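Enquirer: Sharing a structure with you now.
2 protein chains.
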Amino acid sequence: MAIDHLDGRIIVLLAREPRIGVLEMSRRLGVARGTVQARLDRLLARGVIRGFGPEVDPAALGYPVTAFATLQIRQGQGAEVRAHLAGVPEVLELHTTTGTGDMLCRLVARSNADLQRVIDRVVAIDGIVRASTAIVMENPVPLRVIPLVEQAAQE
Amino acid sequence: MAIDHLDGRIIVLLAREPRIGVLEMSRRLGVARGTVQARLDRLLARGVIRGFGPEVDPAALGYPVTAFATLQIRQGQGAEVRAHLAGVPEVLELHTTTGTGDMLCRLVARSNADLQRVIDRVVAIDGIVRASTAIVMENPVPLRVIPLVEQAAQE
DNA sequence: GCATCCACTGGGCAATCTGTCCGGTGAGAC
DNA sequence: GTCTCACCGGACAGATTGCCCAGTGGATGC
């Protein structure tokens with residue numbers, strides 16, 4: 245089994261109030277402190293919780309424009325392209341995918357004009373045959389996991 | 245200006261060792277504790293740092309398959325579609341975009357077979373005209389912000 | 001039936017960190 | 001020259017952490 249009900253409640257609680265601390269959690273959940281501590285350790289050890297890194301808002305950093313670029317890669321050039329993209333700070337995320345494109349990456353830029361600079365930099369390598377970009381206008385559902393955790397914990 | 249050098253070092257330090265605490269940070273950075281505390285408060289107040297939510301790995305939760313779906317929406321049905329997708333736990337993220345598709349969403353599923361169920365649920369609303377899905381195979385660059393922070397802090 | 005293992009409870013301990021003050025200093029703005 | 005602001009270095013009580021312990025209850029295996 246992935247996680248049980250108590251694990252789920254711990255994660256959800258932690259997601260809602262990250263600064264909460266083990267002691268306060270144990271109070272809210274009505275279990276002993278040692279239990280929460282042990283559960284947390286296990287969740288971290290199993291990799292269910294990867295960490296507690298700060299969530300940084302690129303917009304507040306001066307990068308309010310987000311875009312997704314679909315890239316088509318020349319056969320056998322995958323490794324080079326990956327390394328190249330990993331070196332571009334504005335590439336926040338990169339996936340290799342099935343389908344018409346071969347890679348999908350998330351970009352940020354200082355402005356729509358600046359996005360051109362970023363894309364130029366992204367495609368400045370031979371291995372990329374074609375790139376098509378979609379600019380993000382709104383983000384109705386920001387990255388979230390709570391609903392998934394709740395679903396996973398119910399079983 | 246967005247963030248200065250010290251802000252950048254604080255964020256990077258926090259990203260690398262999230263459990264670190266203000267006191268230890270002040271030691272590592274060679275500044276007074278009050279300074280780090282004030283900087284952190286400001287970063288949080290300005291929204292540069294949104295929070296410290298736990299990073300949950302969907303794979304460890306039993307959802308090892310990730311996919312991106314591009315959706316075409318019938319004119320004027322945007323709101324309904326958003327609400328519908330927000331109610332699907334496997335939809336981790338939703339963006340409205342320019343370009344051929346109208347929305348882009350990130351999905352997870354228990355297996356490739358299960359992905360079919362998720363997609364069926366996603367498209368189970370009138371407003372979606374067409375959906376095209378790309379399954380993620382690898383994730384050479386997991387979501388990251390450190391390089392961007394470092395770049396933003398240099399100026 | 002009985003022993004064993006495991007998770008949880010409830011408690012206690014010292015060490016550490018947090019939140020919050022304070023006065024003093026230096027740099028830049030007016 | 002004066003003011004404002006950020007930073008420093010230090011202080012304080014209060015709370016939390018990491019760690020330990022013995023006891024309990026359920027599940028498992030013999």
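Sequences listed follow chains A and B, in order. Residues in the first sequence are numbered consecutively from 245, following my numbering. Residues in the second sequence are numbered consecutively from 245, following my numbering. Here a beta-carbon is modelled for each residue, glycine too, at the ideal position from N, C-alpha and C. Model, not experiment: these values are computed from the prediction.
Hey, is A/Leu315's beta-carbon within less than 8 Å of any beta-carbon in chain B?
Expert: In the first sequence, the residue the question calls residue 315 of chain A occupies position 71. Judged by the 8 Å Cβ criterion, A/Leu315 is not in contact with chain B.
Enquirer: Is it buried or exposed, B/Asp364, if we count other Cβ atoms within 10 angstroms and call 16 or more buried?
Expert: One-based indexing of the second sequence puts residue 364 of chain B at position 120. Exposed, since its Cβ has fewer than 16 Cβ neighbours within 10 Å.
Enquirer: Any beta-carbon of chain A closer than 8 Å to the one on B/Gly265?
Expert: Working through the second sequence from its first residue, we reach residue 265 of chain B at position 21. Not one chain A Cβ lies under 8 Å of B/Gly265.
Enquirer: Measure the Cβ-Cβ separation of A/His328 and B/Asn383 and say whether it is below 8 Å.
Expert: By one-based count along the first sequence, residue 328 of chain A stands at place 84. By one-based count along the second sequence, residue 383 of chain B stands at place 139. Not a contact, by the Cβ cut-off of 8 Å.
Enquirer: Counting only beta-carbon atoms, is B/Val362 nearer than 8 Å to chain A?
Expert: Here the question's residue 362 of chain B lines up with position 118 in the second sequence. Not one chain A Cβ lies under 8 Å of B/Val362.
Enquirer: B/Leu348 and B/Phe312 - do their beta-carbons sit closer together than 8 Å?
Expert: Looking up residue 312 of chain B in the second sequence gives position 68. Looking up residue 348 of chain B in the second sequence gives position 104. Going by C-beta atoms, B/Phe312 is nearer than 8 Å to B/Leu348.
Enquirer: Closer than 8 Å is the cut-off here; do at least three beta carbon pairs connect the segment 349-356 of chain A with the segment 284-292 of chain A?
Expert: At 8 Å Cβ cutoff, the stretches do not touch.
Enquirer: Suppose the cutoff is 8 Å on Cβ atoms and the five residues either side in sequence are ignored; what does the same chain contact list for A/Gly371 look like?
Expert: In the first sequence, the residue the question calls residue 371 of chain A occupies position 127. Contacts found: Ile317, Arg318, Gln321, Gly322, Glu324, Val325, His328.
Enquirer: Under a CB-based cut-off of 8 Å, is B/Val366 close to chain A?
Expert: In the second sequence, counting from the first residue as 1, residue 366 of chain B sits at position 122. Closer than 8 Å: no.
Enquirer: Are B/Leu305 and A/Ile247 touching if we call contact CB-CB under 8 Å?
Expert: For this step, residue 305 of chain B is matched to residue 61 along the second sequence. For this step, residue 247 of chain A is matched to residue 3 along the first sequence. It is a contact, given that the beta carbons lie within the stated cut-off.
Enquirer: Taking only three categories from DSSP, how would you classify A/Gly252?
Expert: Start at 1 with the first residue of the first sequence, and residue 252 of chain A comes out as number 8. Note: A/Gly252 maps to helix in three-state DSSP.
Enquirer: Give me, in chain order, the residues of the same chain whose beta-carbon lies closer than 8 Å to that of A/Ala396; leave out the 5 immediate sequence neighbours on both sides.
Expert: Counting from one through the first sequence, the residue named residue 396 of chain A turns up at place 152. Taken in chain order, the residues that qualify are Ala246, Ile247, Gly252.
Enquirer: Determine the direct distance from the alpha carbon of B/Val275 to that of B/Val256, and round the result to whole angstroms.
Expert: For the purposes of this step, residue 256 of chain B is taken as the residue at position 12 of the second sequence. For the purposes of this step, residue 275 of chain B is taken as the residue at position 31 of the second sequence. Approximately 16 Å between the Cα atoms of the pair.
Enquirer: Whole-angstrom Cβ separation of A/Val385 and B/Pro302, contact assumed at under 8 Å?
Expert: The residue you call residue 385 of chain A lines up with position 141 of the first sequence. The residue you call residue 302 of chain B lines up with position 58 of the second sequence. Actually they do not touch by this definition, with Cβ atoms about 15 Å apart.
Enquirer: Can you tell me the Cβ-Cβ gap for A/Val280 and A/Leu287, rounded? I've got them flagged as a contact below 8 Å.
Expert: Here residue 280 of chain A refers to the residue found at position 36 of the first sequence. Here residue 287 of chain A refers to the residue found at position 43 of the first sequence. Going by Cβ atoms, the distance from A/Val280 to A/Leu287 rounds to 10 Å, so no, they are not a contact pair.
Enquirer: B/Ile379: which of A/Glu334, A/Pro308, A/Val300, A/Asp346 sits nearest, CA to CA?
Expert: Indexing the second sequence from 1 puts residue 379 of chain B at position 135. Among A/Glu334, A/Pro308, A/Val300, A/Asp346, the Cα nearest to that of B/Ile379 is on A/Asp346.
Enquirer: Less than 8 Å between the beta carbons of B/Leu336 and A/Leu284, yes or no?
Expert: The count along the second sequence starts at 1 and reaches residue 336 of chain B at position 92. The count along the first sequence starts at 1 and reaches residue 284 of chain A at position 40. Going by C-beta atoms, B/Leu336 is not nearer than 8 Å to A/Leu284.
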